[in-house]
Amino acid sequence: MYVCICHAVTEDDVRGCLAQGACTAREVRAACGMKPGCGACTKRLYGLIRQHGPESDGERGTVQPTAA
Ligand code: FES
């Protein structure tokens, strides 16, 4: 399933980035090649980051506000 339609990024893509060490929304976006777009994927992205949270060291899953 797509997380970000604007950049054709799937849940598997995001999970792969998280597994390789991306911890924040900013890091996942950079690792997955998600450039600024419509922003409709933000909630889904944060949800996936939170799901990855059990391995948290206190930083993982942190929601980083995006600049407006
Ligand atoms: S759906 Fe991700 S920027 Fe539009």
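When the count follows this note's numbering, it moves up by one through the sequence shown with no breaks and lands on 1452 for the last residue. Note that beta-carbon positions come from the ideal geometry of N, C-alpha and C, so glycine has one too. Keep in mind that this is a model prediction, so the values were computed, not measured.
With a cut-off of 8 Å, the C-beta of methionine 1418 is classified as near the ligand FES, since at least one heavy atom of the ligand falls inside that distance.
Inclusion of valine 1387 in the 8 Å shell around the ligand FES follows from its C-beta lying nearer than that to a non-hydrogen atom of the ligand. Comparing alpha-carbon positions, the option among Ala1415, Ala1409, Arg1413, Val1393 lying closest to arginine 1434 turns out to be Ala1409. Between the alpha carbons of glycine 1421 and cysteine 1390 lies a distance of about 7 Å.
Within the region 1395 to 1432, the complete alpha helix (DSSP H) segments at least 4 residues long are 1395 to 1403, 1409 to 1416, listed from N- to C-terminus.
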